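Some notes on the structure that comes next.
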Amino acid sequence: LSHSGSSEADGAAATSPAVSRAETQSNASSDAEESRSETGEMQSTSLDSVEFYFSENNLELDFFLRQQMDAKGFVPLDTVLNFRRVQDIIQTVAPPGPGQAPLDRERRLSLLRDAVLSSHILELSQDRTRLRRKQNWERYVLPAQTKR
952 LSHSGSSEAD GAAATSPAVS RAETQSNASS DAEESRSETG EMQSTSLDSV
1002 EFYFSENNLE LDFFLRQQMD AKGFVPLDTV LNFRRVQDII QTVAPPGPGQ
1052 APLDRERRLS LLRDAVLSSH ILELSQDRTR LRRKQNWERY VLPAQTKR
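Pasting the structure below:
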């Protein structure tokens, strides 16, 4: 009797870690899917905002953004990263966990680059530090004397 009781206890103990490992693997998989989902959401949301900033309707009126353009219509990614709306999106979609520091500049730039890479309207410079409209950017470049 004692042997069979101990065998049942051993069986329960053997099953318990397996269930625990399966639950852990399931949770890790779920966390990875959630992270991918957040990254996708961040890219989509920030891309919508950045595409709006570079839309023809906005560029007609946005003198500040046009002042930031170089002669080829490119704007530094850092400039866009400093826009309040982009900062808010990153903070909302990829908030730091408890006790974690906010995302560093390089990680935020990487998220922004990834979002721009999926755009049909925007493109990155060869060195991936600036962005512009793919088409009709020439219309919005200001003469040198109006730049600050």
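Residue numbers (my numbering): 952 to 1099. Just so you know, even glycine gets a beta-carbon here, dropped at the ideal spot from N, CA and C. What you are looking at is a predicted structure, and each value in this text was computed from that prediction instead of being measured.
Nearest to Y1004 by C-alpha distance, out of K1023, V1037, A1022, is V1037.
When rounded, the separation of the alpha-carbon atoms in L1082 and P1047 is 27 Å.
Around the Cβ of R1035, a 10 Å sphere holds fewer than 16 other Cβ atoms; the residue is exposed. Residue ranges of uninterrupted alpha helix (DSSP H) with 4 or more members, entirely inside the region 999-1028 and ordered along the chain, are 1007-1012, 1014-1019.
Three or more Cβ pairs closer than 8 Å define a contact, and the region 1010-1024 meets that threshold against the region 1082-1093.
Within the model, the alpha-carbon separation for E1011 versus R1084 is close to 13 Å. Counting the other Cβ atoms within 10 Å of the Cβ of G1050 gives fewer than 16, which makes it exposed.
Annotated as distal: E1007 and I1072, with beta-carbon spacing of 7 Å or more. Per DSSP, the continuous alpha helix (DSSP H) segment holding E1057 begins and ends at 1056-1068. The residue among T1043, W1088, Q1077, S1000 with its C-alpha nearest the C-alpha of V1031 is S1000. Ranking F1015, F1014, F1025, L1016 by CA distance to the CA of D1078 puts F1025 first. Distance from the Cα of A1066 is smallest, within the candidate group W1088, N1087, L1028, D1055, for L1028.
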